[in-house]
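Numbering (my numbering), first residue to last: 6 to 597.
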């Protein structure tokens, strides 16, 4: 019975060992990594199926051989030291090892090595399990390289750059940012803008940070900084959210470009343009640029005003430009523009335009052709000045010079004529002094004497015009002067024109030259007679007034504190054209 029991126990032990061996192999074959056992001389006594598959070797190829024999000494030198360390210190060891696979690729593994104690006469062994972390290692390397590239990039870009966490505390500030703000990296890291900058600026910075985080996209903004010397720098800032693995914003980053110089140039240009605008306005000079190819015409604000438009109220072009040129000048200007383009030259032309409100103005256009690199004319550019005032002054000067010449001539004639009148009036006076003259002869001599006096008055006016005779104004009743010329006026008007007088009874006294008033009335009477060949009325009206501005003779004017006497000469003829009205005060102008 005892022998039967021994056999049973042995079979039970063998069965247990067999089951244990089976479980061991099943575990080893399904382990998601390589597994092996080495003896004390570091010879393989076991490798699992995964290790066989990965390295292309069978169990029989490996058992009894060392790693040097299987993979070469260069590939295994590092993990042999780890084998010795685990056995020498008799403790588990966890390391990262690399080995070349048969295809030449390098594999990184997380390896656990552990001593297997001796059992009976069997010496201690070394077990090992390796899990492939090549992919993880590559990711780590890529991340490390990416981090290195990121830092290299951020440290070498010429503009400020930074990163803040969700609490808007700085986690990174590149050297350009530190230099621009005159601070060190330690001044930024872990701090908010309120701990680094003045409160007003910090509030603006964080407001833009929060907007980028809230909108989940990059935003642009203009931010400023105050330098130690007090100068203000302007930055064009781009801020953007940096998302975490969960897709939520974890950080906010930013780049800045210093646009202070650009802002300064823009402000200077704005000031310069404003000065130019004021200068053009004061000098009535506008500028233009006409693109011939696109038929686009640029006008400065003052040029719009010269043509009667509000600035930017229309889009000018070639047709609009020529439509405003005076019809008498249009063909001349069109021909001159064509010649300028053909000759690729400069131009300066004076011509008339009609404004939006049909006013006639004189302008002077000055400019040149603009050419492309091939020499083709692509545009005309220049200035256009309103010279209406200058033209008016030139006309006045010409008129003054003409009047001066006429005055010299009139003065010479009047002086000689006055000598003749002196003889006539002298002899007439002597004849009238004789006695025994018949009534008819006496009346004739009186008429001659009156005519001579009238001629002398005319001579005095000519001498006054030529500045050789001083006016002799005296205080008198203008009604008496008019009544004194009534008989003579009727003679000039003839029988077909009726003379009517409407003289104010209480007309105030005035200081005038009576001879000049008489001559004015005679001139009007002669003109009325010629203008009314079929008859009509010639009316003289006087009245008191308190206004220095003449009004309708039938209306009343309000008090102004001063008193005036008004003289109106009215006829019912056809009237005068505008051209005649412009010249009525020229002394020798006539339409006859």
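Glycine included, each C-beta is placed from N, C-alpha and C at the ideal position.
Fair warning: this is a prediction, and the values are worked out from it, not measured in the lab.
Inset, instruction - For the segment 440-506, list the alpha helix (DSSP H) runs that are entirely contained and at least 4 residues long, ordered along the chain. - result: 444-470, 483-489 and 491-498
Inset, instruction - In the DSSP assignment, find the alpha helix (DSSP H) that holds residue 214 and state where it starts and stops. - result: Walking along the chain shown from the start, residue 214 turns up at place 209. 204-220 is the span of the alpha helix (DSSP H), which, as asked, contains residue 214.
Legend entry - Runs of alpha helix (DSSP H) lying entirely within the segment 59-112, each at least 4 residues, in chain order: 64-67, 72-76 and 78-94
Legend entry - Own chain, CB closer than 6 Å to residue 210, minus 5 neighbours either side, in chain order: Along the chain shown, read from residue 1 onward, the residue named residue 210 stands at position 205. Closer than 6 Å at Cβ, skipping near neighbours: 198.
Legend entry - Of the residues 160, 156, 284 and 112, the one placed nearest residue 140, counting alpha carbons only: One-based indexing of the chain shown puts residue 140 at position 135. Closest option to residue 140, Cα to Cα, is 112.
Legend entry - Buried or exposed (CB count within 10 angstroms, at least 16 for buried), residue 279: To locate residue 279, count along the chain shown from 1; it is residue 274. Per the 10 Å Cβ criterion, exposed.
Legend entry - Proximal residues to residue 28 (C-beta, below 7 Å), its chain only, five neighbours per side dropped: For the purposes of this step, residue 28 is taken as residue 23 along the chain shown, with counting starting at 1. None.
Legend entry - 8 Å Cβ cutoff met for residue 330 and residue 338: Here residue 330 refers to the residue found at position 325 when the chain shown is read from its first residue. Here residue 338 refers to the residue found at position 333 when the chain shown is read from its first residue. Yes, they are a contact pair.
Legend entry - Reduced DSSP category for residue 271 - H, G, I as helix; E, B as strand; rest coil: By 1-based counting over the chain shown, the position of residue 271 is 266. DSSP places residue 271 in helix when its eight states are reduced to three.
Legend entry - Cβ-Cβ distance between residue 303 and residue 265 below 8 Å: Looking up residue 303 in the chain shown gives position 298. Looking up residue 265 in the chain shown gives position 260. No, they are not a contact pair.
Inset, instruction - Return the CA-CA distance between residue 370 and residue 325, expressed in angstroms with no decimal places. - result: Residue 370 sits at position 365 when you count from the first residue of the chain shown. Residue 325 sits at position 320 when you count from the first residue of the chain shown. So the two alpha carbons sit approximately 16 Å from each other.
Inset, instruction - Note the first and the last residue of the continuous beta strand (DSSP E) segment covering residue 231. - result: Mapped onto the chain shown, residue 231 falls at position 226. That run of the beta strand (DSSP E) goes 224-231.
Legend entry - Contiguous alpha helix (DSSP H) assignments of at least 4 residues, all confined to the segment 153-191: 180-186
Inset, instruction - Taking only the alpha-carbon atoms, compute the straight-line gap between residue 37 and residue 54 and give it to the nearest angstrom. - result: For this step, residue 37 is matched to residue 32 along the chain shown. For this step, residue 54 is matched to residue 49 along the chain shown. Using only the alpha carbons, I get a separation of about 10 Å.
Inset, instruction - Return yes when the Cβ of residue 247 is within less than 8 Å of the Cβ of residue 259, no when it is not. - result: As a working note, residue 259 is residue 254 in the chain shown. As a working note, residue 247 is residue 242 in the chain shown. No. Outside cutoff.
Inset, instruction - Could you work out which residue in 17, 186, 132 and 385 is closest to residue 294 when comparing CA atoms only? - result: Within the chain shown, numbered from 1, the residue matching residue 294 stands at position 289. Per the Cα distances, 385.
Legend entry - Sequence-distant residues of its chain with Cβ nearer than 6 Å to residue 24 (five each side left out): Residue mapping note: residue 24 aligns to position 19 of the chain shown, counting from 1. Nothing meets the Cβ criterion.
Inset, instruction - Would you mind reading off the limits of the beta strand (DSSP E) that contains residue 4? - result: It is not possible to answer for residue 4, since the shown part of the chain is limited to 6 through 597.
Inset, instruction - Please state whether DSSP places residue 314 in a helix, a strand or coil. - result: As a position in the chain shown, residue 314 is number 309, starting the count at 1. Correct three-state label for residue 314: coil.
Legend entry - Integer-rounded CB distance, given that residue 225 should sit under 8 Å from residue 4: In the structure as shown, the chain begins at 6 and stops at 597. Residue 4 is therefore absent and cannot be evaluated.
Inset, instruction - Put residue 397 into one of helix, strand or coil per three-state DSSP. - result: As a working mapping, residue 397 is identified with position 392 in the chain shown. Helix at residue 397.
Legend entry - Rounded C-alpha distance that separates residue 363 from residue 357: Against the chain shown, residue 363 aligns to sequence position 358. Against the chain shown, residue 357 aligns to sequence position 352. Distance between the alpha carbons of residue 363 and residue 357: 11 Å.
Inset, instruction - Use the C-beta contact count for residue 543: other C-beta atoms within 10 angstroms, 16 or more gives buried, fewer gives exposed. - result: Along the chain shown, one-based indexing puts residue 543 at 538. Buried: at least 16 other Cβ atoms inside 10 Å.
Legend entry - Extent of the continuous alpha helix (DSSP H) to which residue 534 belongs: Residue numbering aside, residue 534 sits at position 529 when the chain shown is read from its first letter. Where residue 534 is concerned, the enclosing alpha helix (DSSP H) stretches over 519-536.
Inset, instruction - Could you check the C-alpha separation between residue 577 and residue 290 for me, to the nearest Å? - result: Translated into the one-based positions of the chain shown, residue 577 becomes position 572. Translated into the one-based positions of the chain shown, residue 290 becomes position 285. Computed Cα separation, rounded: 46 Å.
Legend entry - Cα-Cα separation, residue 464 to residue 525: The sequence position of residue 464 within the chain shown is 459, counting from 1. The sequence position of residue 525 within the chain shown is 520, counting from 1. Rounded to whole angstroms, residue 464 to residue 525 spans 14 Å at the Cα level.
Legend entry - Close Cβ partners of residue 374 (< 7 Å) along its chain, the five nearest in sequence each way excluded: Taking the chain shown and counting its residues from 1, the one referred to as residue 374 is at position 369. These residues qualify, in order along the chain: 345, 346, 349, 350, 382 and 385.
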